[in-house]
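According to the working numbering, the residues represented by the sequence shown are 296 to 412, in order.
We put the CB at the ideal spot given by N, CA and C, even for glycine.
The structure presented is a predicted model; accordingly, all values stated were derived computationally and were not measured.
Encoded as structure tokens, the structure appears first; notes follow it.
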Amino acid sequence: MHSYEAYQATLDAGYELDRRHAEYVQAQRDHHDHANKSAEEARRSADEAQRLTEEATRVQDMQKAQNLRNDAEQLNARARQFEAAAQAHRANAIEFANKIADIDDQKSMFTPAAPAV
Numbered sequence: 296m297h298s299y300e301a302y303q304a305t306l307d308a309g310y311e312l313d314r315r316h317a318e319y320v321q322a323q324r325d326h327h328d329h330a331n332k333s334a335e336e337a338r339r340s341a342d343e344a345q346r347l348t349e350e351a352t353r354v355q356d357m358q359k360a361q362n363l364r365n366d367a368e369q370l371n372a373r374a375r376q377f378e379a380a381a382q383a384h385r386a387n388a389i390e391f392a393n394k395i396a397d398i399d400d401q402k403s404m405f406t407p408a409a410p411a412v
């Protein structure tokens, strides 16, 4: 392979690493955003469930109290689902952070020398 072709191949490999790096950084950000949104929704659902549970203890009507407890349990289940989603997104963000670190390591090996003239 001529020196220019080797140089170009090295540049192309470096550009591909840069492209993947940018893609992974965006994916990591997206997973962090989704994790935060899921965690916030989990907190809101849990807070509302707590409010309904407290209201159920104050209500005189037994049927209404039971309905409030049922609604609270559904909200708690929803909160658990959102928290599980948040944990999955956090795990994915960590996975992408590891991929980014791998690419950074690979990129450190790419310092193409200019072709001889």
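Query                                                                                                                                                                     : Result
Between the segment 345-359 and the segment 311-318, do three or more beta carbon pairs fall short of 8 Å?                                                                : no
So V320 is in the alpha helix (DSSP H); what residue range does that whole segment cover?                                                                                 : S298 to R353
Drop a sphere of 10 angstroms on the beta-carbon of H297, count the other beta-carbons inside from all chains shown, and report buried for 16 or more, exposed for fewer. : exposed
Applying the 10 Å Cβ sphere with the 16-neighbour rule, what's the burial state of R340?                                                                                  : The question names Arg, yet the displayed sequence has Ser at residue 340. Its Cβ being crowded by 16 or more others within 10 Å, S340 is buried.
Can you give me the start and stop residues for the alpha helix (DSSP H) that D400 sits inside?                                                                           : M357 to S403
Please tell me whether A341 has its Cβ less than 9 Å away from any Cβ of chain C.                                                                                         : No chain C appears in this structure, which consists of one protein chain only.
How many angstroms separate the CA atom of Q376 from the CA atom of D400?                                                                                                 : 36 Å
Taking all protein chains shown into account, decide if L306 is buried (16 or more other Cβ within 10 angstroms of its Cβ) or exposed.                                    : exposed
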